[in-house]
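Encoded as structure tokens, the structure appears first; notes follow it.
Protein chains: 2
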Amino acid sequence: MTGGRRRSETSRLAILDAARDLLLEGGYEQLTIDAIAGRAGVGKQTIYRWWGSKGAVVADAALEGGLAQPLTPLPDTGDIETDLRRWLRAWTEHLTTAQGTGLILALTAATADDHTVADVLFERFTQPHEQLLRDRLERARGAGQLASDAPVPTIASVLIGSLLYRVLTRQAPPTVDDADLVVRLVLGGAG
Amino acid sequence: MTGGRRRSETSRLAILDAARDLLLEGGYEQLTIDAIAGRAGVGKQTIYRWWGSKGAVVADAALEGGLAQPLTPLPDTGDIETDLRRWLRAWTEHLTTAQGTGLILALTAATADDHTVADVLFERFTQPHEQLLRDRLERARGAGQLASDAPVPTIASVLIGSLLYRVLTRQAPPTVDDADLVVRLVLGGAG
Numbered sequence: 001m002t003g004g005r006r007r008s009e010t011s012r013l014a015i016l017d018a019a020r021d022l023l024l025e026g027g028y029e030q031l032t033i034d035a036i037a038g039r040a041g042v043g044k045q046t047i048y049r050w051w052g053s054k055g056a057v058v059a060d061a062a063l064e065g066g067l068a069q070p071l072t073p074l075p076d077t078g079d080i081e082t083d084l085r086r087w088l089r090a091w092t093e094h095l096t097t098a099q100g101t102g103l104i105l106a107l108t109a110a111t112a113d114d115h116t117v118a119d120v121l122f123e124r125f126t127q128p129h130e131q132l133l134r135d136r137l138e139r140a141r142g143a144g145q146l147a148s149d150a151p152v153p154t155i156a157s158v159l160i161g162s163l164l165y166r167v168l169t170r171q172a173p174p175t176v177d178d179a180d181l182v183v184r185l186v187l188g189g190a191g
Numbered sequence: 001m002t003g004g005r006r007r008s009e010t011s012r013l014a015i016l017d018a019a020r021d022l023l024l025e026g027g028y029e030q031l032t033i034d035a036i037a038g039r040a041g042v043g044k045q046t047i048y049r050w051w052g053s054k055g056a057v058v059a060d061a062a063l064e065g066g067l068a069q070p071l072t073p074l075p076d077t078g079d080i081e082t083d084l085r086r087w088l089r090a091w092t093e094h095l096t097t098a099q100g101t102g103l104i105l106a107l108t109a110a111t112a113d114d115h116t117v118a119d120v121l122f123e124r125f126t127q128p129h130e131q132l133l134r135d136r137l138e139r140a141r142g143a144g145q146l147a148s149d150a151p152v153p154t155i156a157s158v159l160i161g162s163l164l165y166r167v168l169t170r171q172a173p174p175t176v177d178d179a180d181l182v183v184r185l186v187l188g189g190a191g
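Chains A and B, in that order, give the protein sequences.
Each residue of the first sequence is one higher than the one before, starting from 1 at the first, in UniProt numbering.
Each residue of the second sequence is one higher than the one before, starting from 1 at the first, in UniProt numbering.
Shown next as structure tokens:
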């Protein structure tokens, strides 16, 4: 790595760290490119050279900065109801912390703001998590715990969507009891 | 109404019209307070005097400017499956038009951007629509078409959330077939 490249990488990481810290401190609405530049000790033009918008910086900061829930397979105890409950309860608890809510609001605002950012976030964050869920549902269907014609993509979108809706409206946060009700409803319809 | 008040109301409506038109032409990401002021023929300060943020203008423009789906009761044919299908198909078709997608992305970005705007949009847009859905579900439960312990709020959040998730990710748009699958899944679990 040349000296120039090393300096670039140092600046890039300083920018992502600054964006992540500011996001956690004040949320997406308070975040400005000016503030990120000031905190990172770089010029605004350095940020604009690498990222097209505030949303694009936020997406990278969330994905590289460890804000997003790590991509771990769903538990497989052999019982789909137990496993879906654990998974949806864990996501409910994550997304209703201050950090988790801030993260999902920021990623949603970035997605709504910018179509390119939307594609990157889907490919690197949303889709891999949805795929893990679909994989576990496919195994349950193969094991006869779901009907042979159970619509796996629909079930996945229902489990994710009901939680997302409750978080995004910014009203009463969803609870683990809500998670259990959603799982029971879905498995009642797919069993 | 005094001359001053009349001028104020004229400016207010010009600002909301400009915001609505710019939103339909270029989407939320392109929209700026500068552009709204230019189109409406007012100074930026006039906008900032009445609205705290871009999100707040957009919320009012969507709610007063006829962009949002009108609040009409769900059909009641006496058959809950027929009625939910019609309702979810209509929303799916609305939210996958260019105007409908633009609207929901703008309202979501505004909600994620600003907590005050989130509360206003929930109270004036989201909650009334969710209440109509809950009312219809309650009647179906009373008529014995849903189990007596069917969790009406959960069913409502699942129906709305699955559609919202598919629209917000900005990937393949949901179809009326997806709507039918969601309704069948939910009624299978709640019947």
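For glycine and all other residues, C-beta sits at the position ideal for the given N, C-alpha and C.
On a predicted model such as this, the values are computed, not experimentally measured, just so you know.
Query: Looking at chain B, which residues of the stretch 118-135 of chain A have a Cβ within less than 7 Å of any of its Cβ atoms?; Result: 118, 122, 126
Query: What whole-angstrom Cβ distance do residue 29 (chain B) and residue 114 (chain A) have, given they're in contact under 8 Å?; Result: 6 Å
Query: Between residue 100 (chain B) and the rest of its own chain, which residues show a CB-CB distance below 7 Å, the 5 nearest in sequence each way excluded?; Result: 94
Query: Taking Cβ positions, are residue 14 (chain B) and residue 40 (chain B) nearer each other than 8 Å?; Result: yes
Query: Return the chain-ordered list of same chain residues with a C-beta closer than 8 Å to the C-beta of residue 33 (chain A), the five sequence neighbours on each side being excluded.; Result: 44, 47, 48, 54, 57
Query: Determine the burial state of residue 148 (chain A): buried for a count of at least 16 other Cβ atoms within 10 Å of its Cβ, exposed for fewer.; Result: exposed
Query: My guess is that residue 107 (chain A) and residue 122 (chain A) are in contact by the Cβ rule of under 8 Å, so how many angstroms apart are they, rounded?; Result: About 10 Å; that fails the 8 Å criterion.
Query: Return the CA-CA distance between residue 176 (chain B) and residue 138 (chain A), expressed in angstroms with no decimal places.; Result: 24 Å
Query: Give me the subset of the UniProt domain "HTH tetR-type" (9-69) of chain A whose CB atoms are less than 9 Å from a CB atom of chain B, sorted by chain position.; Result: 27, 28, 29, 53, 55
Query: Quick one: grab the DSSP three-state call for residue 148 (chain B).; Result: coil
Query: Can you list, in chain order, the residues of its chain whose CB lies under 6 Å from that of residue 75 (chain B), leaving out five sequence neighbours each side?; Result: 83, 86
Query: Note down the Cα distance separating residue 7 (chain A) from residue 117 (chain A), rounded to an integer number of angstroms.; Result: 26 Å
Query: Could you give the uninterrupted runs of the alpha helix (DSSP H) lying entirely in the stretch 67-102 of chain B, keeping only those of 4 residues or more?; Result: 80-95
Query: Quick one: does residue 190 (chain B) have its CB under 8 Å from some CB of chain D?; Result: The structure shown has no chain D; the protein chains it does contain are A and B.
Query: Looking at residue 186 (chain A): is its Cβ nearer than 8 Å to the Cβ of residue 185 (chain B)?; Result: yes
Query: Please list, in chain order, the chain A residues whose beta carbon lies closer than 7 Å to that of residue 151 (chain B).; Result: 181, 185
Query: Do you know offhand how far residue 221 (chain B)'s Cα is from residue 161 (chain A)'s?; Result: The structure shown has nothing for residue 221 (chain B), since chain B only spans 1 to 191.
Query: Please state the DSSP three-state secondary structure of residue 114 (chain A).; Result: coil
Query: Which chain B residues are close to residue 115 (chain A), counting only those with a beta carbon under 9 Å from its beta carbon?; Result: 27, 29, 170
Query: Nearest by alpha-carbon distance to residue 90 (chain A): which of A:72, A:79, A:112 is it?; Result: A:72
Query: I want to see whether chain B comes within less than 8 Å of residue 148 (chain A), judged by CB atoms only; does it?; Result: no
Query: Specify the secondary structure class of residue 53 (chain A) as computed by DSSP and reduced to three states.; Result: coil
Query: Is residue 170 (chain A) closer than 8 Å to residue 111 (chain B) when the C-beta atoms are compared?; Result: yes
Query: Would a check of beta-carbon distances place residue 166 (chain A) closer than 8 Å to chain B?; Result: yes
Query: Check whether the Cβ of residue 111 (chain B) lies closer than 8 Å to any Cβ atom in chain A.; Result: yes
Query: Which of the residues in the stretch 74-87 of chain A, read from start to end, lie with their CB under 9 Å from any CB of chain B?; Result: none
Query: Within a Cβ cutoff of 6 Å, which residues of the same chain sit near residue 104 (chain B), ignoring the five residues on either side of it in sequence?; Result: 95, 167
Query: Would you mind stating whether residue 154 (chain A) and residue 178 (chain B) have Cβ atoms separated by less than 8 Å?; Result: yes
Query: Which class does residue 183 (chain B) belong to by DSSP, given the choice of helix, strand or coil?; Result: helix
Query: For residue 24 (chain A), tell me which candidate among A:77, A:189, A:10, A:98 has the shortest Cα-Cα distance.; Result: A:98
Query: In or out: residue 50 (chain A) buried (at least 16 other Cβ within 10 Å) or exposed?; Result: exposed
Query: Within the continuous alpha helix (DSSP H) that includes residue 131 (chain B), where are the two ends?; Result: 127-142
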